[in-house]
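Below: one structure, written as structure tokens.
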Amino acid sequence: MFADYRFGYLERVRFGLGYFTTPVYWVADIPTRVSFWIDDVFVSRTDLLEENENLREELLVAQRELQLLESLASENSRLLELQEAAEVIEGEVMPAEIINVSPDPYSKRVLINKGSTDGVFVGQALIDANGLMGQVDEVLPYTSWILLITDANHVTPVEINRNGERALARGSRDTSSVLELQFVTQTQDMLAGDLLVSSGMGQVYPKNYPVAEVTSVYADPGQDFATVRARPLAAMASTRHVMLVFEDEEVITPEVDILLAEPIDMPAQEDVAPADGSADSDTTAQGEQSGDATAQPDIPAIAEPTEQVEPEQSAVQDTGA
Amino acid sequence: MVIQQRAHSLWVILLSFFVAYLLAIVPFPDWAMNYRPEWVPMVLIYWVMALPYRVGIGSAWMAGLLLDILEGSTLGLNAMSLVIVAYVTLSLHLRLRMFSYVQQAGLVLALVGLNLMVTHWLQLMTNQTTASSLMFLMAALTSAVIWPSLFQLLRQVRRSFDVH
Numbered sequence: 001m002f003a004d005y006r007f008g009y010l011e012r013v014r015f016g017l018g019y020f021t022t023p024v025y026w027v028a029d030i031p032t033r034v035s036f037w038i039d040d041v042f043v044s045r046t047d048l049l050e051e052n053e054n055l056r057e058e059l060l061v062a063q064r065e066l067q068l069l070e071s072l073a074s075e076n077s078r079l080l081e082l083q084e085a086a087e088v089i090e091g092e093v094m095p096a097e098i099i100n101v102s103p104d105p106y107s108k109r110v111l112i113n114k115g116s117t118d119g120v121f122v123g124q125a126l127i128d129a130n131g132l133m134g135q136v137d138e139v140l141p142y143t144s145w146i147l148l149i150t151d152a153n154h155v156t157p158v159e160i161n162r163n164g165e166r167a168l169a170r171g172s173r174d175t176s177s178v179l180e181l182q183f184v185t186q187t188q189d190m191l192a193g194d195l196l197v198s199s200g201m202g203q204v205y206p207k208n209y210p211v212a213e214v215t216s217v218y219a220d221p222g223q224d225f226a227t228v229r230a231r232p233l234a235a236m237a238s239t240r241h242v243m244l245v246f247e248d249e250e251v252i253t254p255e256v257d258i259l260l261a262e263p264i265d266m267p268a269q270e271d272v273a274p275a276d277g278s279a280d281s282d283t284t285a286q287g288e289q290s291g292d293a294t295a296q297p298d299i300p301a302i303a304e305p306t307e308q309v310e311p312e313q314s315a316v317q318d319t320g321a
Numbered sequence: 322m323v324i325q326q327r328a329h330s331l332w333v334i335l336l337s338f339f340v341a342y343l344l345a346i347v348p349f350p351d352w353a354m355n356y357r358p359e360w361v362p363m364v365l366i367y368w369v370m371a372l373p374y375r376v377g378i379g380s381a382w383m384a385g386l387l388l389d390i391l392e393g394s395t396l397g398l399n400a401m402s403l404v405i406v407a408y409v410t411l412s413l414h415l416r417l418r419m420f421s422y423v424q425q426a427g428l429v430l431a432l433v434g435l436n437l438m439v440t441h442w443l444q445l446m447t448n449q450t451t452a453s454s455l456m457f458l459m460a461a462l463t464s465a466v467i468w469p470s471l472f473q474l475l476r477q478v479r480r481s482f483d484v485h
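As given, the protein sequences belong to chains A and B, one line each in that order.
Terminal number for the first sequence in my numbering: 321, no gaps in between.
Terminal number for the second sequence in my numbering: 485, no gaps in between.
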């Protein structure tokens, strides 16, 4: 029985049964919708005006920040282009609502009101206004389950915004919503208050979304790794409005050229290097016996790699310009 | 006429399960999660006890599968545990009907506890994260406390809609 479930033969059955369960979610969500509706209907005019004014102010501030961000983004992409690692993310988002949470307090999963009919797919990233929330775990016809980044079975590849140190953030094993950074060595530069952003390493999450803030770093000299805890930025327990990210990565052409160019250059180097190495070892072995001519055969061995590197650098400069 | 009545009564049973599913997935605050009564097993126990020739192990299996989908758990997890609950209830249903409320509640405590334990074991077997403490068994206690009123309510429903 369980072999079936493990190998996923029953995805289709689950999907089909999902049609039957949708009305239950729909009815279970009625109280929330009614309370929202009541909030919407019974609100005074002055409250609305006040809120409107506040929102306008916020919008102004946000627009100003957006302008700054745009200039920064273009500058950043130019710099990245120079570094041959240009990767522009212009993901589109689809708004969704969290309509339920997992009844099991030890698995941190939530249900959203978008399913396969809206184009949701497994592995899609979910964010809220403050940061990364999780990824789509299971898609049903009109709903889908999201595995939050605070689940014990979930690991998020992150990097520190300040210095680019990479780490893996794992959810906590108890009911609290805390992230633990795994395999952080004692010497890695991490401080409480550092912002963790997604590094895009696992190819699941888009790069550079804010994930968490480091709350405590404890380096015990007796342990192999430091204990680093972080607090997720997304409002895991209180938010209802979330966004699904449709990632739309555009890879700028220079990178493609270099990716294509590298495999051609690399084998040539490798072909030469082992030959040199074997020649070296042979000569040193002879040199130990003879004692005289150890230094002389090394000179061509060093000269050859430098010749190889030079054309590659010039090629890079050409593509960059 | 008879066919109509059977269809009618089936509708009542399905509705009771529907309400039980609703209560099973309505979000609770975190501290109360462990105390949520197990509605679906309790409704199942009632119907198996009252109408053992209509609601049996097959129905328990289907009810469990739907609960699995609703909770997003591994398919078959609740199905398995509910089948065990239905089997025990089926073999005890004649005695259960004779019991007083308190005795029934005691048996419901045992049955829901069994249900929870089986679910817990199956989760452990399939390497899923589960509770590290035994606090999740508190749900059996709340279920037993609620049982007498649920029993009376469902019996009222059964008699007024003439489900048989």
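The C-beta atom is built at its ideal place from N, Cα and C for all residues, glycine as well.
- Nearest to L111 of chain A by alpha-carbon distance, out of A:A129, A:Q182, A:L148, is A:L148.
- Taking the beta carbon of V347 of chain B as reference, the chain A residues within 7 Å of it are A28, listed in sequence order.
- For the stretch 99 to 121 of chain A, residues whose beta-carbon sits nearer than 8 Å to a beta-carbon of chain B comprise N100, V101, S102, P103, D104, P105, Y106, S107, R109, L111.
- Proximity of chain B to E138 of chain A at the Cβ level (cut-off 8 Å) is accounted for by G393, in chain order.
- When rounded, the separation of the alpha-carbon atoms in M363 of chain B and H154 of chain A is 34 Å.
- DSSP, read as helix, strand or coil, puts M236 of chain A in coil.
- When the Cα atoms are used, R231 of chain A and M243 of chain A turn out to be separated by approximately 20 Å.
- Nearest C-alpha to R416 of chain B among B:I405, B:L428, B:V406: B:L428.
- Distance check between I30 of chain A and each of B:A341, B:W352, B:V347, B:D351 places B:V347 closest, using alpha-carbon atoms only.
- Rounded to whole angstroms, the Cβ separation of T150 of chain A and K108 of chain A is 5 Å, and the two are in contact under 8 Å.
- Between F339 of chain B and V24 of chain A, the CB-CB gap stays under 8 Å.
- Contact between W368 of chain B and I405 of chain B fails: their C-beta atoms lie close to 16 Å from each other, not under 8 Å.
- Listed along chain A, the residues sitting closer than 7 Å to L343 of chain B by beta-carbon distance are V24, V27, A28.
- Contact between the stretch 182 to 191 of chain A and the stretch 207 to 221 of chain A is established, with three or more Cβ pairs separated by less than 8 Å.
- Here A230 of chain A carries a strand assignment [DSSP, helix/strand/coil].
- Straight-line spacing of the CA atoms in R418 of chain B and T440 of chain B works out to 27 Å.
- The C-beta distance from P210 of chain A to V197 of chain A rounds to 5 Å, short enough to meet the 8 Å contact threshold.
- DSSP places G134 of chain A inside the beta strand (DSSP E), whose first and last residues are 132 to 139.
- Closer than 8 Å to the CB of N355 of chain B there is at least one CB belonging to chain A.
- Around the CB of A96 of chain A, 16 or more other CB atoms lie within 10 Å, so the residue is classed as buried.
- Using beta-carbon distances, L331 of chain B does not count as an interface residue toward chain A, since no partner is under 8 Å.
- Chain order gives the chain A residues near F339 of chain B as P23, V24, V27, where near means a beta carbon separation below 9 Å.
- The beta carbon of G202 of chain A lies closer than 7 Å to those of P157 in the same chain, with the five residues before and after it left out.
- Here the C-alpha atom of V34 of chain A lies approximately 15 Å from the C-alpha atom of I98 of chain A.
- For T46 of chain A, the three-state secondary structure derived from DSSP is helix.
- Note that the C-beta distance between P141 of chain A and T175 of chain A is not below 8 Å.
- If only complete runs of 3 or more residues are kept, the stretch 136 to 183 of chain A shows the beta strand (DSSP E) at 144 to 148, 155 to 160, 166 to 171, in order along the chain.
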